[in-house]
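A.B. asks: Please read through the structure below; I'll follow up with questions.
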Amino acid sequence: MALPLSTSPWKNFGVFKYILYGPLVAKAISTSSTTSWCLHILIISAIRIEIHQLWFMFSNMHFLTRRRRIIKQGVDFKQIDREWDWDDFILFQALLAFMAYYTFPSLVDLPLWDLKGCLFALLLHMGVSEPLYYGMHRLLHTDHLFKHYHSLHHSSPVPQPFTAASATPLEHLMLFVVMGIPILGATFMGSGSVALIYGYVSLFDFMRCMGHSNVEVLPHALFEALPFLRYLIYTPTYHSLHHTEEDSNFCLFMPLYDALGKTLNKKTWELHMQITKVGDDRIPDFVFLVHVVDVISSIHSPFAFRSYASMPYTPRLILLPAWPLACLIMLLMWAYSKPFLISFYYLRSKFIQTWIVPRHGFQYFLPFASEGINKQIEQAILRADKMGVKVLSLAALNKNESLNGGGTLFTNNHPDLRVRVVHGNTLTAAVILNEIPKDVKEVFLTGATSKLGRAIALYLCRRKVRVLMLTLSAERLQKIKMEAPPECQQYLVQVTKYQAAQNCKTWIVGKWITPREQSWAPPGTHFHQFVVPPIFGFRRDCTYGKLAAMRLPEDVQGLGSCEYTLERGVVHACHAGGLVHFLEGYTHHEVGAIDVDRIDLVWEAAHKHGLRPA
1 MALPLSTSPW KNFGVFKYIL YGPLVAKAIS TSSTTSWCLH ILIISAIRIE IHQLWFMFSN
61 MHFLTRRRRI IKQGVDFKQI DREWDWDDFI LFQALLAFMA YYTFPSLVDL PLWDLKGCLF
121 ALLLHMGVSE PLYYGMHRLL HTDHLFKHYH SLHHSSPVPQ PFTAASATPL EHLMLFVVMG
181 IPILGATFMG SGSVALIYGY VSLFDFMRCM GHSNVEVLPH ALFEALPFLR YLIYTPTYHS
241 LHHTEEDSNF CLFMPLYDAL GKTLNKKTWE LHMQITKVGD DRIPDFVFLV HVVDVISSIH
301 SPFAFRSYAS MPYTPRLILL PAWPLACLIM LLMWAYSKPF LISFYYLRSK FIQTWIVPRH
361 GFQYFLPFAS EGINKQIEQA ILRADKMGVK VLSLAALNKN ESLNGGGTLF TNNHPDLRVR
421 VVHGNTLTAA VILNEIPKDV KEVFLTGATS KLGRAIALYL CRRKVRVLML TLSAERLQKI
481 KMEAPPECQQ YLVQVTKYQA AQNCKTWIVG KWITPREQSW APPGTHFHQF VVPPIFGFRR
541 DCTYGKLAAM RLPEDVQGLG SCEYTLERGV VHACHAGGLV HFLEGYTHHE VGAIDVDRID
601 LVWEAAHKHG LRPA
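When we follow full-length UniProt numbering, the leftmost residue of the sequence shown carries the number 1, and every step to the right adds one.
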């Protein structure tokens with residue numbers, strides 16, 4: 001049985017916990033005055049959520065913060081799930097404030113501003129709240145209390161702004177008291193104000209988020225110039241040591257009390273100097289270069305909404321209000337014209353990064369945009385080459401045949417590249433081909449003359465499978481036929497209309513098809529696909545495969561976001577293909593046409609390294 005205040009009373013409510021804001025909302029609506037304290041409580045709650053969210057976004061914009069990261073490990077799905085209800089403390093403290101409002105109604109008739117009250121609150125915070133929190137925090141680290149009340153907060157290996165809010169109700173209550181002392185003290189002295197409450201609560205959360213951000217934001221030169229400041233304000237480095245070292249750095253915001261209590265970690269200033277002056281110069285072993293599909297899907301980025309990014313992508317109406325901001329950020333990224341680091345993880349102790357080209361999917365189909373897109377991709381390749389990256393894999397449209405010949409443009413322009421450029425389509429073809437049942441005798445193939453379409457057709461015809469290749473170009477089809485063994489060429493059949501496949505139950509879709517075109521498939525058809533974006537599942541009497549993908553090995557560390565519509569721990573086959581290229585130590589570029597003879601070889605290599613079909 002759980003001890004009192006060790007779990008939230010609404011733990012099993014799910015999203016219905018927000019109904020508990022109902023009394024506050026009702027009271028705020030029913031009160032005509034704009035000074036309704038229920039309205040103030042709701043506004044303060046919204047501000048607190050926004051402070052945590054903005055700090056999270058900043059600390060996880062790796063293209064801005066990678067050199068200042070303190071703990072190098074990535075945030076994984078387990079930590080995200082543990083901190084899923086991080087905003088419980090805001091609800092809990094809002095309800096406590098609501099109760100306090102009804103208990104002491106005379107205390108909330110406050111002026112808008114009183115400077116004297118701010119000074120009183122500062123003195124009370126430094127002289128009462130800080131030592132009180134220090135003492136309570138040390139008490140929480142005793143065996144019994146730590147096990148039942150504080151271990152949840154320390155179960156997150158990588159401090160994040162949401163980690164600051166991830167705690168038990170007892171800790172939320174303790175913080176409520178610590179925060180309340182300066183506010184109530186100033187109010188009892190007759191100097192309370194609305195501005196004091198808004199400002200103190202916001203600054204309190206801001207400082208807590210800063211300390212848990214895992215990104216050092218305060219320069220070491222500041223403490224060298226003003227040494228006494230190191231005892232008046234803590235740093236993210238200072239607080240990170242509390243999570244990694246035992247019994248040290250217990251303060252709220254002022255290390256002075258750790259110094260007085262002799263719990264100041266001796267490594268603090270040395271580590272702070274190292275991070276701020278040297279930074280993190282780790283070189284990734286492998287880079288996966290992705291792109292945005294549309295504005296809404298850009299919100300699925302790991303640095304936007306963590307819980308959303310940790311689940312497979314689906315468009316949600318609730319995100320529409322964020323569309324203008326997402327569009328503005330994308331415009332700024334376009335203007336900067338540089339690929340950005342957005343996430344990373346570790347595989348077999350190898351450092352894997354994902355970079356994003358700030359271009360939307362529709363731009364890849366605009367002829368006048370191709371030069372700019374290729375320039376950004378080329379810039380990413382040259383940057384990776386200069387850094388010492390071993391393999392760079394191109395995602396989806398970044399390797400479009402009409403854009404850059406499947407990557408051949410870059411290897412031709414730069415024949416001395418040390419980084420291996422990989423489109424990963426060999427493994428993509430292997431995944432699709434191994435999804436097709438061995439007893440299938442006929443398939444219908446769209447996008448038949450593309451890189452993948454060509455390889456799939458040539459592979460299947462060797463297996464004596466009849467391939468209906470949808471193409472209007474007899475010349476391109478004939479060229480593919482000539483690559484097949486003479487005795488297998490008869491299995492490659494040109495068709496020019498979808499009606500030709502009305503009796504074929506295995507469709508391989510490499511070119512986007514409309515619901516009307518899908519209607520020609522007979523009932524029971526399965527649609528395999530390698531088209532981006534994927535086709536709509538229009539037919540209820542048919543089944544639809546997802547994009548070719550592979551599940552990463554179980555020993556992956558620091559992976560905390562889903563790759564587009566794929567499940568947790570699953571990556572697109574071209575991503576996995578680049579990983580195999582790197583893990584196998586292949587020394588060739590994998591660009592241009594797919595070598596059909598290597599399909600089975602790469603498939604077996606993927607399994608050898610623990611990757612499995614999704």
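Just so you know, even glycine gets a beta-carbon here, dropped at the ideal spot from N, CA and C.
1) Tell me the start and end of each unbroken alpha helix (DSSP H) in the UniProt domain "Fatty acid hydroxylase" (123-263) that is at least 4 residues and wholly inside, in chain order.
2) Below 6 angstroms CB to CB, which residues in the same chain sit around L403 once its five sequence neighbours on both sides are set aside?
3) For E604, which of helix, strand or coil comes out of DSSP?
4) Opposite K350 in the DSSP bridges: which residues?
5) Are the CB atoms of A576 and L547 within a distance shorter than 9 angstroms?
6) What first and last residue would you give for the alpha helix (DSSP H) that runs through Y459?
7) Could you please give the first and the last residue of the uninterrupted alpha helix (DSSP H) stretch that includes R516?
8) DSSP has Y544 in a bridge; who is on the other side?
9) In this structure, how does DSSP classify A304 when only helix, strand and coil are distinguished?
10) Less than 6 angstroms between C-beta atoms, sequence neighbours within five positions excluded: which residues of the same chain meet that for V201?
11) Quick one: Cα of V215 to Cα of M61, how far?
12) What are the boundary residues of the beta strand (DSSP E) that R48 is part of?
13) Tell me, to the nearest whole angstrom, how far the beta carbon of I508 is from that of I535; I am working on the premise that it is less than 8 angstroms.
14) Which whole-angstrom value describes the C-beta separation of F204 and M179, a residue pair presumed to lie in contact below a C-beta threshold of 8 angstroms?
15) Which one or two residues does DSSP pair with L470 in a beta bridge?
16) Any idea what DSSP makes of residue 644, helix, strand or coil?
17) Could you check which residue in I356, K11 and V465 has the C-alpha nearest to that of W86?
18) If the criterion is Cβ atoms closer than 9 angstroms, does the pair L460 and L433 meet it?
19) Using CA atoms only, rank isn't needed, just tell me which of A309, Q518 and R359 is closest to L566.
20) Determine contact between the region 67-81 and the region 554-566, defined as no fewer than three beta-carbon pairs at a distance below 8 angstroms.
21) Taking the alpha carbon of F530 as the point to measure from, which residue in Y21, A221, C574 and Q489 has its own alpha carbon closest?
22) Rounded to the nearest angstrom, what separates V389 and R420 at their Cα positions?
23) Taking the CB atoms as reference points, tell me whether I299 and F305 lie closer together than 9 angstroms.
24) Where do the N-terminal and C-terminal ends of the alpha helix (DSSP H) with F582 fall, by residue?
25) To which residues does DSSP link Q79 through a beta bridge?
26) What residue range does the beta strand (DSSP E) around A396 cover?
27) Write down the C-beta distance between Y313 and C562 rounded to the nearest angstrom, noting that I regard them as a contact closer than 8 angstroms.
28) Since residue 615 and M174 should fall inside the 8 angstroms C-beta cutoff, what is the C-beta to C-beta distance between them, to a whole number of angstroms?
29) What three-state label does DSSP hand L64 in the structure shown?
30) Could you give the DSSP three-state label for V292: helix, strand or coil?
31) DSSP three-state call for L341: helix, strand or coil?
32) Please list, in chain order, all residues of the same chain as H609 whose beta carbon is under 6 angstroms from its beta carbon, the five residues on each side excluded.
33) Taking a contact to mean a Cβ-Cβ separation below 9 angstroms, would you say V495 touches L470 in this structure?
34) Please state the DSSP three-state secondary structure of E378.
35) Spatial neighbours of R67 within its chain, please: C-beta separation below 7 angstroms, excluding the five flanking residues on both sides.
36) Could you give the residue range of the beta strand (DSSP E) that holds F365?
C.D. replies: Looking at the coordinates:
1) 130-140, 151-154, 161-165, 169-188, 194-211, 220-225, 236-244 and 256-260
2) S370
3) helix
4) L347
5) no
6) K451 to R462
7) P515 to Q518
8) F527
9) coil
10) I44
11) 10 angstroms
12) That residue, R48, is in no beta strand (DSSP E); its alpha helix (DSSP H) goes W37 to S59.
13) Contact flag wrong, Cβ pair sits at about 12 angstroms.
14) 6 angstroms
15) V495
16) With the chain covering only 1 through 614, there is no way to say anything about residue 644.
17) K11
18) yes
19) A309
20) yes
21) C574
22) 8 angstroms
23) yes
24) A573 to E584
25) Bridge partners of Q79: none, in fact.
26) Segment: none, A396 is in no beta strand (DSSP E) and carries neither H nor E.
27) 7 angstroms
28) The first residue shown for the chain is 1 and the last is 614, placing residue 615 beyond what the model contains.
29) helix
30) coil
31) strand
32) L583
33) yes
34) helix
35) G279 and D280
36) Neither: F365 is in no beta strand (DSSP E) and is coded neither H nor E.
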